[in-house]
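Quick note: the sequence shown, position 163, residue 166 per our numbering, numbers continuous.
Glycine included, C-beta positions come from ideal geometry on N, C-alpha and C.
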Amino acid sequence: MVTQPYVIDEMISAKAIAARIEALAAEIKKAYAGTDKLVVVGLLRGSFVFIADLVRELDMNVEVDFLEASSYGDSMESSREVRILKDLRGEIGGRDVLVVEDIVDTGFTLSHVLQLLKSRNPRKLETIALLDKPSRRETEIRATWTGFEIPDEFVVGYGIDFAQRNRNLPYIGKVRFLEES
Ligand code: IMP
Ligand code: MG
4 MVTQPYVIDE MISAKAIAAR IEALAAEIKK AYAGTDKLVV VGLLRGSFVF
54 IADLVRELDM NVEVDFLEAS SYGDSMESSR EVRILKDLRG EIGGRDVLVV
104 EDIVDTGFTL SHVLQLLKSR NPRKLETIAL LDKPSRRETE IRATWTGFEI
154 PDEFVVGYGI DFAQRNRNLP YIGKVRFLEE S
């Protein structure tokens, strides 16, 4: 539960996000040209808006699947311990897999998920993250494609939440707590 009042200051506009996704989709189409084996795997729940916009820019054969890993719970701190809450429905052995993440922060979530998926022997395994906070990284991981690098701020919107709120904002904004009066 969020008790302290806060406001959201816009950081990345809906228009800027759309333009960046168009450019990323062009790169992805090039990287996967000629494949009919692409499976786009969204990490729930934060990537659901991003994956929806991204796959609509990919005019090629794609399958969409989802995986849910535990992360922050309702707090603002990463738990380090990553559990799989919901696994893929489909097989990825021999397939080209693109993992779609909302934010890479410490990197624990993505490295854990990639380790798991690698063990299932995909033909190719790449990642795309809408946002990257490189200053927070505690692992070696880096996404193949990144939308925007951002400073160490807590952000919401475009699928990303603060204690389950603000996922429905069309832009990315940063959370600013108001002083208690
Ligand atoms: P990591 O395991 O520390 O890299 O955390 C990645 C996950 O933490 C992301 O998929 C988000 O769900 C969540 N997260 C990281 N930073 C933020 C943020 O600024 N706002 C909301 N969620 C965040
Ligand atoms: Mg997440």
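inquiry  = At the level of alpha carbons, what is the spacing between Gly96 and Gly37?
reply    = 18 angstroms
message = Here's the rule: buried if 16 or more other CB atoms are within 10 angstroms of the residue's CB, otherwise exposed. What is Val159?
response = Of the residues assessed, Val159 falls on the buried side of the cut-off, its CB having 16 or more other CB atoms within 10 angstroms.
message = What does the Cβ neighbour count give for Ala21, buried or exposed, with the cut at 16 atoms within 10 Å?
response = exposed
task = Please state if the CB of Leu41 and the CB of Val65 are separated by a distance shorter than 7 angstroms.
result = yes
task = Can you have a look at Pro154 and say buried or exposed, based on whether 16 or more other CB atoms are within 10 angstroms of its CB?
result = Flag for Pro154 reads exposed.
task = Could you tell me whether any non-hydrogen atom of the ligand IMP is closer than 6 angstroms to the CB of Gly110?
result = yes
request  = Return the CA-CA distance between Phe51 and Ala34, expressed in angstroms with no decimal places.
outcome  = Going by the C-alpha atoms only, they are around 22 angstroms apart.
key: DSSP bridge partner residues for Asp56 (one or two, in chain order)   = Its beta-bridge partners do not exist; DSSP assigns none.
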